[in-house]
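Encoded as C-alpha cells, the structure appears first; notes follow it.
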Amino acid sequence: MAHSHQHSSDTEPKSCCSGDKHETASNQVIIDPVCGMTVDSSAEFKADYQDHTYHFCSLHCKEKFIQTPGHYCEPSVKQDAFLAEENSTGEYSCPMHPEILQIGPGTCPKCGMALEPVMPSAEHEENPELSDFRKRFWYTLPMTLVVTIIAMSGGAFDDLLGSSRPWLEWLLATPVVLWSGGPFFVRWMQSVLQRSPNMWTLIGTGTGAAYGYSVVAVLMPDIFPESFRQDAHVAVYFEAAAVIISLTLFGQILELKARSETGAAIRALLGLAPKTARRINDDGTEEDIPLTHVHAGDRLRIRPGEKVPVDGVVLEGKSSIDESMLTGEPMPVSKKAGDAVIGASLNTSGALIMRAEKVGSSTVLSQIIQMVTNAQRSRAPMQRMADVVAGYFVLIVLSISILTFVLWGLFGPEPSWAFGLINAVAVLIIACPCALGLATPMSVMVATGNAATRGVLFKDAAAIEHLCEVDILVVDKTGTLTEGRPAFHSVIPVAKWSKQDVLRIAASLDQGSEHPLAKAIVAEAQQQAIPLNPVEGFESASGIGVHGQIEGLNVVLGNTALMDEEGVPWQSLASEAEELRSKGASVMYLAVAGELAGLLAVADPIKPSTPEAIRILKNSGLRLVMATGDGLTTAKAVGQELGIDEVYGEVRPQDKDDLVARLQAEGHKVAMAGDGINDAPALARADVGIAMGTGTDVAMSTAQLTLVKGDLRSIAVARSISVDTVRNMRQNLMFAFFYNSMGVPLAAGILYPLTGWLLSPMIAALAMSLSSVSVVGNALRLRKRKTDGGAS
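Those letters in the sequence shown? Residues 1 to 792, per UniProt numbering, in order.
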C-alpha cells in the first residue's frame, strides 16, 4: 500500500490574558466586552472596573457595561467575545452580495439591503435595523390609517373638511413619508449616486413621485390641465405614498425577523462550547478557569455530565462521550487513555483527565463554525441567472413605468394623466427584485446550518447544488471504507534477513509518516522494543511508497508498482503476498540496496457503518467505484465483501485523478470520497470532493464537502440535503420570476380594457413585501426537513 506523508508544524495557539485582551505572538487585539467587536486601544470610549480598563466600540456599549459591569465580566460573556474574536473581526456582509464586507453594521452599496454579521453572536440579539423599523412603523401607523380613511371615503368628509382636506392629508402623510420612509430615500439616493439600481431605486422613485406630485398639486393646483383633475379637483395621492411606506416597513420587519432565523444553526454551534474548564495545576490543586484561559498542554478534569472544554487526548479514566452535536453520531463513543476527545462533546458517565492540544480557532468546533460561515456566504451557480436578470431588471422596470405613464396619459380615460401616474407608481412598487435576490442565499444559509448539525460540512453553495447531480461515487479504501487504524498482521523475510531486521528497517523508514499503515508498522516495532535508526533523504514516491537512506543503504518500501519502478524483483514472495491480500490485508515490500528483503502485512478492518452506507448509497442510484493504492487482490477482497463491483487496485494519485477525469469525459457527474494526501488530486478534480473528517488536513482543504465523523452514511444525508435545497432554490426562483413577470403587466393596467380592474399601488406594496417574506419563509422550511439514511 502506498504511503502518504505529511509534515506538520504546530502553530502557537492564541491565549487570553485577563480582561478584554487576546494576545498572540505577533499582535494584541482588544475586544469590546459588550458586543465582542474588535476595538482599537486608542478608542475614546473606556470604563474602569475592578482595577481594569475596558474599551468599547461605541457610547452605547459603554453605557450598557456601566449599568451591569458584572454581567459582561462573567466567563460566559467573555467566551462569546472570544469566539467572536476567533471567528470574525466584527465584519458585516450582505446576504445577496457576499463579496460586500465592512466593519460594523450598515447597508449594502449594491442592493441597499441591511448587512448582517458574518459571525452571529451566541445569544440571539435583535437586529438594530429591525428595532428601528418597528419603531418607525408603529409610531406612524395611526397617521397612515387616518389619511387612508379620509382619502378612501369619497366625499364623506367634504362637508367637514372642505378645501382643507388635501392640506390635512399632506400633514398626516408627511411624517410617514419623510421620517418613516427616510431610510428608504437614503438608499434610493445611494443607488442613484453609485449607479447601482436596486429595489430602493424603484420604491424611492415611486413613493417620491406620488408624494412630490401631490405636494405640487396642493400648492399649485392651477398649473395642472384638466386631464389631471377629478371632480374639478386635482387628485392627490398622499395616502398611496403613506401606505406604500408603511407596508414596505411592515414587509421589512417580517423579512428581517425571518432572516434572523437563518443564523440559528451558527448560534446553536456557538452555544455548544462550555464556558469554563477545570484545570489541574502542577502542584495538584484544581481551579475553574474561563475557557479563554486554557492553553495547549494544560491538564483538565472532565466530570460526569460536563462538556469537554477543548480538543485533546485522554490521559486517565474511562467514559462514554456523546459527540452527536458535532459529528451526527447518535451513539456515545467509549473513550479511554490515549483516545482523542473533541471540545464541546458531552461526557456522559465516568470522570476523565485530558491534555489540551487544540484551543481557540484550532478546535474542531471553531473550524466547523468557520466552514459553515464561509459556506453561507458563498453563491450558488443557480443564482447567476438571477443575478444577470436582476442587473437589467430595474432599468427595464423604470422604462416600463415611464411607458405606462405616457400611454395612460395619451390614451387612457379621464383623468388620464392621473391614471398614468398611479399606474406607473404601481409598476415601480410591485416589481422590486428583492425576492429574486434572496431566492438562493436564504436556502443556502439554512441548508448549510442544518447540515452542520448532522456532521456534514459544505464548503460552498456550489457543492450543495452539484451533489444532487452526482451519479458515480469513487471511494478510497483506507480510512474511508476501513477504520484507517490498521493493525500489524505479519512480516515475511527472504532467506538472508530476519523478521526483526525487516520490521526495524521498515519502521525506521516510516517513523516520520502520518499514514495509518505506517503508524501500524511503527507501533509494532515499538511494542517489540526494537530500536529505530535515523533516516536520511526521506522521499515519498507519488503515493506508491517511500524512499530513504538507512545506515548508508538505499531503502524502498511500497507496493509492486514501486518495486517494478526500482527494478527490484519481488516475485519470490508473490504467492505469500497474494494469500495475505485475499484475506483483505495490505502488503508492502521492503527492498534494501536494490534487493528484496521481505514483505510486511497490515490488516485494516472495515468500519462497522460501511456495509450499511454502501447499501444506502447503491439504493439511492449511485454507481460505486473503489480506487486504492492497495494491491488488486486486497482491493477485490474488500470490494467483494462490501458488494462493490468496480474495483481498481495499486493506483497512484495521478491514476485516481485520471479515473475521475475519464468518468467525467463519459458524461458522468463524479464525487470522490477520500481521506489522505494521495487523494487530494482526485478530490480537487471531482465535481464534488468528499473528505473524511478523520483524515488529513490536505484532503479536507481540497474537498468541497467534509464528513466530520468520517462515516459514509453521511453522504446519503448530504445528498438528501442537497436534493431538498436545490428543489427549494428552484421553487424560490420560479416564484420570484413568476411574480415579477405577472405583477408588472397587472400593475401597468393590462386588464383594464377587459375588466376595468386596476392594481392599486398600495396593493402592489403589500404584494411586494409579502413576496420577499414568502421566499425567506420557504427557505426556512428546510430546517424541518428530515433526511434519509445516514448517521443523523
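Backbone N, C-alpha and C fix where the C-beta goes; we use that ideal spot for every residue, glycine too. Just so it is clear, the structure is predicted and the values come from calculations on it, not from any experiment.
query: Contacts around SER334, its chain only, beta-carbon distance under 6 angstroms, and the 5 residues preceding and following it disregarded; result: SER320
query: Residue from GLU646, ALA627, LEU141, ASP298 whose Cα sits closest to the Cα of LYS618; result: GLU646
query: According to DSSP, residues forming a beta bridge with SER93; result: LEU101, GLU116
query: Per-residue burial, TYR237 [other beta carbons within 10 Å of its own, 16 or more giving buried]; result: buried
query: Helix, strand or coil at residue 805 [DSSP, three-state]; result: The structure shown does not extend to residue 805, since the chain spans only 1 to 792, so no value can be given for it.
query: Environment of VAL406 [buried if 16+ CB atoms lie within 10 Å]; result: exposed
query: Selected residue, minimal CA-CA separation from TRP200, among SER722, VAL394, LYS656; result: VAL394
query: Identity of the residues DSSP links to VAL776 by a beta bridge; result: None, per the DSSP bridge assignment.
query: Contact set for LEU532: own chain, Cβ-Cβ below 6 angstroms, skip 5 residues either direction; result: ALA507, SER508, GLN511
query: For VAL147, three-class secondary structure by DSSP; result: helix
query: Own chain, CB closer than 7 angstroms to VAL427, minus 5 neighbours either side, in chain order; result: VAL397, ILE400, SER401, THR404, VAL744, ALA747, ALA748
query: Alpha-carbon spacing of GLY317 relative to GLY338, whole angstroms; result: 10 angstroms
query: Spatial distance of LEU202 from THR480 (CA atoms); result: 54 angstroms
query: GLU286: first and last residue of the uninterrupted beta strand (DSSP E) it sits in; result: 286 to 290
query: Coil, strand or helix - VAL406 by DSSP; result: helix
query: Cα-Cα separation between CYS111 and SER196, rounded to whole angstroms; result: 7 angstroms
query: Per DSSP, the bridge partner or partners of PHE56; result: PHE45
query: Cβ pair count under 8 angstroms reaching 3, the region 240 to 247 against the region 175 to 186; result: yes
query: contact_flag[the region 449 to 460, the region 600 to 617] where n(CB pairs < 8 angstroms) is 3 or more; result: no
query: Start and end residues, alpha helix (DSSP H) containing LEU467; result: 461 to 467
query: Length-filtered (4 minimum) alpha helix (DSSP H) runs lying within the region 576 to 625; result: 610 to 619
query: Assumed close pair SER609, ARG719 - CB separation to whole angstroms, cut-off 8 angstroms; result: At roughly 16 angstroms, the Cβ-Cβ gap does not stay under 8 angstroms, so SER609 and ARG719 are not in contact.
query: Burial state of THR285, where buried means 16 or more other Cβ atoms lie within 10 Å; result: exposed
query: Member of ALA736, GLU357, GLU323 whose CA lies at the smallest distance from the CA of VAL313; result: GLU357
query: Coil, strand or helix - GLU169 by DSSP; result: helix
query: Extent of the continuous beta strand (DSSP E) to which VAL670 belongs; result: 670 to 674
query: Where the beta strand (DSSP E) through VAL688 begins and ends; result: 688 to 692
query: C-beta contact flag for residue 801 and ALA635 at 8 angstroms; result: It is not possible to answer for residue 801, since the shown part of the chain is limited to 1 through 792.
query: Through-space distance from VAL186 to VAL773, alpha-carbon basis; result: 23 angstroms
query: Residue(s) in a DSSP beta bridge with SER490; result: ALA601
query: Host beta strand (DSSP E) of GLN549 (start-end); result: 545 to 550
query: Euclidean distance between Cα positions of LYS46 and VAL176; result: 38 angstroms
query: ASN728, buried or exposed, once every other Cβ within 10 Å from all chains shown has been counted against 16; result: buried
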